[in-house]
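Single-structure report; data block below.
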Amino acid sequence: MHARPSRTRLVVAAGIAGAVLLGVHVWMVYVPERERWLTPFFAAVGTLSLYAGYALITPVLVMGIGRPMSRAVGRLFGLPGGLAEEPFARAPWRSTGACWVLMVGLSLIVHLAIRTRLVQRIWDFPAKLPEAFVWSPNPVPGDVIDKVARIPGVAELTVTTDVTCRVTPIKGASAKERLSLVERFLNRLTRPVFVAGEPDRLLGMMKLAFVEGDEAEALEKVRRGGYVVIPVQTARHHHLSVGDKVRVTIGRRSSVFEVAGVVASPAMDLAVTAFHAESYMQFAAASAMLGTRRDLREKFGIDLVSMVMCNVTIPDVEPPADFHVDAVDRLSDDRALGKAILQWSPFLPNERAAIDAVAPALRRWLAEETPGPPPGEVAPILHRFARALRWVRWMGDGNATSEEAWALFQERLVLERIAQAMNRPDAVIGSLRRLKQRVLDSLEQAGAIVTWLPAVLLVIASIGVGNLVRVSVHVRTRQIGMLRAVGALREQILRLILTEAITIGGIGSVVGLALGIHLSASVFAIAQRLLGLVLPIEVPAGTTALAVGLTITVCLLAGIPPARRAARSDVLAALQTT
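Each number in this note's numbering corresponds to the 1-based position in the sequence shown with 29 added.
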């Protein structure tokens, strides 16, 4: 008589305890000082409170949604309305154990799928980072910008100037005292750099996230002049924050700047991690200051350009029939290369005007019986094409198609032309177009592997579901015998047991989805508090649906063996069971 009220009270008490733990978790995410999440103890307690909270409210969900869900599944199997409800109403804890394992496995899949989607969005090269750059250690005059902008194929463009400087924080005497001996030694080793560019384009193309300060307000200040934006590494290195002032000295000139914002670049951080350049990048960025070229010109008298960053527009043109990755091997001779340039002209829209300009001189030179060195107006284009072909040959691999190699070749021609416009033919040229695709492919593959690793837990959960259904069948042996005695068919008994297994999978899916999304929300909220990064939660519908389908399928398959045994059980033996 008292079993059901006692069972219900225990489930309600567990639900209340779970709600309290979830409240503790929410408080730990949003209320205390953000630095506490950097301590292992605080992070462990926060994670455990989340999982324990969901574990304790699972029995409430088993009783609350198990009955209507089993009724709905039973109707799909053609069973009477309340026949499949009994296990969830009378023995909720029995079903809870299997739901726990399903919950953990599915929540990890959902959380990792959300993180993978976020990483792919952060690594958004085409829109957020320049596809290519041309850098020279010897800066060139600022009027080169107009020349580069007129080059066919150059799309979005921005330039920067990096100048070695000396950075001195302007603080009280205590600021110097806070620096340890090691920090003072590192200050002498680092090479402070003042990086000047156009704030809107530069910061936009680098996809910076503001850790301190408001983005719109900081950009407005930088545009006015006298303000700088600093990376997180610089802020930590010099103990700087928004509103602090620093003295920047270049040569014999000095000027005071105020810090308008502290920034981080998730995309650049990912690039650093992917290419194992973390220590170098942190060392180089230890004293970086991001300002404007106008400040550099007006305050220090420097109007130079060190780097051109741009996106390159490549026409969608089929490559010539005789072009392939190994073309450089047969075009090492200037005359052979000159003939190829004339033949390829219709396939190079960005180069057509340049080729037409030198075509008469090139044809005269090729027509000479004993040709000497190429004419002065022809030599630069031959040199540029030869360098581009060598680069394509060096970058080529066995998987590159002729179309891919032709696109790389066209892009390289544009970048070599930028280097010539800068009068720096040996400038460092970097192209991220092919690298970008390789990284995206690697991220997708790694993300898929990491996302589905927790599926092993679902396989383990299938053992628990099978044992649970087997125990349920054993406990309900007499009930099953009575159903068979009053006319229930074996197929109906089979469907009854499978309904229980599928319902367990459904409840585990609901709790697992909620836990996975909650876990992601907490992680992203902590990232926002610690780093200032606003990370959107985007649940991948396809991966989530596949994970839920896998969960329910695992439960269905696990329930088939005990269901078949129950359907084949002897009626008389079942009725004699006490």
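Glycine included, each C-beta is placed from N, C-alpha and C at the ideal position.
- Among Met92, Ala84, Thr76, Val58, nearest to Thr532 - alpha-carbon criterion: For the purposes of this step, residue 532 is identified with residue 503 of the sequence shown, where counting begins at 1. For Thr532, the closest alpha carbon among the candidates Met92, Ala84, Thr76, Val58 is that of Met92.
- Message: Please tell me whether Thr580 and Leu131 are closer than 8 Å, where the distance is taken between their beta carbons.
- Response: Here residue 580 refers to the residue found at position 551 when the sequence shown is read from its first residue. Here residue 131 refers to the residue found at position 102 when the sequence shown is read from its first residue. Going by beta carbons, Thr580 and Leu131 fall inside the 8 Å limit.
- Near Ser136, which residues of its chain fall below 7 Å by C-beta distance, leaving aside the five closest residues on each side in sequence? Position 107 of the sequence shown, counting from 1, holds the residue named residue 136. Sequence-distant Cβ neighbours of Ser136 in its own chain, meaning closer than 7 Å and more than five residues away, are Gly541, Leu544, Gly545, Leu548.
- Query: Are the stretch 179-189 and the stretch 273-287 touching, with three or more C-beta to C-beta distances below 8 Å?
  - Reply: Segments in contact, no.
- Query: Considering only C-alpha positions, which residue in the set Leu319, Ala264, Val334 is nearest to Val177?
  - Reply: In the sequence shown, the residue the question calls residue 177 occupies position 148. Comparing Cα positions, the closest option is Val334.
- Item | As assigned by DSSP and simplified to three states, the class of Pro260 | By 1-based counting over the sequence shown, the position of residue 260 is 231. Pro260 falls in the strand class under three-state DSSP.
- Task: Taking only runs that begin and end inside the stretch 312-337, name each unbroken beta strand (DSSP E) of 3 or more residues, in chain order.
- Result: Whole beta strand (DSSP E) segments, 3+ residues: 317-321.
- According to DSSP, residues forming a beta bridge with Val288: Your numbering for residue 288 matches position 259 in the sequence shown. Residue pairing by DSSP puts Val288 in a beta bridge opposite Val257.
- Item | Own chain partners of Gly107 with C-beta closer than 6 Å, once the 5 adjacent residues on each side are dropped | Counted from its first residue, the sequence shown places residue 107 at position 78. Cβ neighbours of Gly107 beyond the five flanking positions: none.
- Message: Restricting to Cα atoms, I'd like to know which of Arg38, Val74, Ala84, Pro61 is closest to Ala25.
- Response: Absent from the structure is residue 25, since the part of the chain shown begins at 30 and ends at 607.
- Message: Suppose you measure from the CA of Leu377 to the CA of Gln439; what does that come to, to the nearest Å?
- Response: For the purposes of this step, residue 377 is identified with residue 348 of the sequence shown, where counting begins at 1. For the purposes of this step, residue 439 is identified with residue 410 of the sequence shown, where counting begins at 1. Taking the straight line from one Cα to the other gives about 7 Å.
- Can you tell me the Cα-Cα spacing of Val301 and Pro159, whole angstroms? Stepping through the sequence shown from its first residue, residue 301 is reached at position 272. Stepping through the sequence shown from its first residue, residue 159 is reached at position 130. Residue placement at Val301 is flagged as unreliable, the pLDDT there being 42, under the threshold of 50; the coordinate-derived value follows with that caveat. Spanning the two alpha carbons is a distance of roughly 16 Å.
- Item | Contacting residues, own chain, Cβ-Cβ under 8 Å from His305 (five flanking each side not counted) | Here residue 305 refers to the residue found at position 276 when the sequence shown is read from its first residue. In this prediction, His305 has a pLDDT of 39, which is less than 50 and means its spatial position is unreliable; nothing more can be read from the coordinates.
- Query: Where are the beta strand (DSSP E) runs, 3 residues long or more, that stay fully inside the stretch 152-202, in chain order?
  - Reply: Entirely contained in the stretch 152-202, the beta strand (DSSP E) runs reaching 3 residues are, in chain order, 161-170, 183-193, 195-199.
- Query: For Leu497, which of Ala574, Thr190, Val258, Leu585 has the nearest alpha-carbon?
  - Reply: As a working mapping, residue 497 is identified with position 468 in the sequence shown. The residue with the shortest Cα to Cα distance from Leu497 is Leu585.
- Cβ contact check for the stretch 120-134 and the stretch 408-417: 3 or more pairs under 8 Å: No, the stretch 120-134 does not touch the stretch 408-417.
- Contact check, Pro260 vs Ala225, beta carbons under 8 Å: For the purposes of this step, residue 260 is identified with residue 231 of the sequence shown, where counting begins at 1. For the purposes of this step, residue 225 is identified with residue 196 of the sequence shown, where counting begins at 1. The answer is no: Cβ separation not under 8 Å.
- Message: Whole angstroms are fine: how far does the CA of Val41 sit from the CA of Val488?
- Response: Sequence index remark: in the sequence shown, residue 488 carries index 459 (1-based). Sequence index remark: in the sequence shown, residue 41 carries index 12 (1-based). Using only the alpha carbons, I get a separation of about 30 Å.
- Using three-state DSSP, classify Val568 as helix, strand or coil. Against the sequence shown, residue 568 aligns to sequence position 539. If DSSP states are grouped into helix, strand and coil, Val568 belongs with coil.
- Task: Tell me whether Ser283 sits in a helix, a strand or coil according to DSSP, three-state version.
- Result: In the sequence shown, counting from the first residue as 1, residue 283 sits at position 254. Ser283 sits in a strand when the DSSP states are folded into three classes.
- Go ahead and label Gly578 buried or exposed: buried means 16 or more other beta carbons lie within 10 angstroms of its beta carbon, across all protein chains shown. Residue mapping note: residue 578 aligns to position 549 of the sequence shown, counting from 1. Around the beta carbon of Gly578, a 10 Å sphere encloses fewer than 16 other beta carbons of the protein chains shown; the residue is thus reported as exposed.
- Task: Using three-state DSSP, classify Phe352 as helix, strand or coil.
- Result: Within the sequence shown, numbered from 1, the residue matching residue 352 stands at position 323. Taken through DSSP and simplified to helix, strand or coil, Phe352 comes out as coil.
- Task: Name the residue from Ser551, Arg524, Gly588, Ala556 whose alpha carbon lies nearest to the alpha carbon of Val500.
- Result: What you label residue 500 is simply residue 471 of the sequence shown in a count that begins at 1. With distances taken between Cα atoms, Val500 lies closest to Gly588.
- Query: Which class does Gly226 belong to by DSSP, given the choice of helix, strand or coil?
  - Reply: Here residue 226 corresponds to residue number 197 of the sequence shown, with the count starting at 1. Here Gly226 sits in strand by DSSP.
- alpha helix (DSSP H) containing Val74: first to last residue? Residue mapping note: residue 74 aligns to position 45 of the sequence shown, counting from 1. Val74 -> alpha helix (DSSP H) spans 69-105.
- Message: Only counting the same chain, and skipping five residues up and downstream in sequence, which positions put a Cβ closer than 8 Å to that of Ala624?
- Response: Past the boundaries of the shown model lies residue 624; the chain is included only from 30 to 607, so the question cannot be answered.
- Where Asp96 and Gly44 are concerned, what is the direct C-alpha to C-alpha distance, given to the nearest angstrom? For the purposes of this step, residue 96 is taken as the residue at position 67 of the sequence shown. For the purposes of this step, residue 44 is taken as the residue at position 15 of the sequence shown. Rather than Asp, the amino acid found at residue 96 in this sequence is Arg. So the alpha carbons of these two residues sit roughly 17 Å apart.
- Task: Could you confirm whether any beta carbon from chain D is found closer than 8 Å to the beta carbon of Phe286?
- Result: Protein chain content of the structure displayed is limited to a single chain, and chain D is not contained in it.
- Under a three-way DSSP split, which group does Asn452 fall into? Stepping through the sequence shown from its first residue, residue 452 is reached at position 423. In the structure shown, Asn452 adopts coil according to DSSP, grouped into three states.
- Cα separation between Val271 and Asp332? As a first step, residue 271 is located in the sequence shown; it is residue number 242 there, counting from the start. As a first step, residue 332 is located in the sequence shown; it is residue number 303 there, counting from the start. Roughly 28 Å between the two C-alpha positions.
- Task: Using 10 angstroms around the beta-carbon of Leu39, count the other beta-carbons present and answer buried if the total reaches 16, otherwise exposed.
- Result: Numbered from 1 along the sequence shown, position 10 holds the residue referred to as residue 39. Exposed: under 16 other Cβ atoms inside 10 Å.
- For Leu418 versus Leu360, is the C-beta distance shorter than 8 Å? In the sequence shown, the residue the question calls residue 418 occupies position 389. In the sequence shown, the residue the question calls residue 360 occupies position 331. Inclusion of Leu418 and Leu360 in the CB contact set at 8 Å is warranted, their separation being smaller than that value.
- Query: If we ignore side chains and look at the alpha-carbon of each, how far apart do Ala101 and Thr37 end up?
  - Reply: Within the sequence shown, residue 101 is the residue found at index 72, counting from 1. Within the sequence shown, residue 37 is the residue found at index 8, counting from 1. Answer to the nearest angstrom: the Cα atoms are 23 Å apart.
- Query: Which value, in whole angstroms, describes the spacing of the CA atoms of Arg322 and Thr189?
  - Reply: As a first step, residue 322 must be located in the sequence shown, where it is residue number 293. As a first step, residue 189 must be located in the sequence shown, where it is residue number 160. The straight-line gap from Cα to Cα measures roughly 8 Å.
- Please go through the same chain and pick out, in chain order, the residues whose beta-carbon is closer than 6 Å to the beta-carbon of Met338, but skip the five residues on each side of it. Against the sequence shown, residue 338 aligns to sequence position 309. The answer, listed in chain order, is Pro159, Phe162, Thr187.
- Closest residue to Pro166 among Gly535, Ser551, Asp455, Phe352 (Cα-Cα distance): In the sequence shown, the residue the question calls residue 166 occupies position 137. Selected option, being the one with the closest Cα: Asp455.
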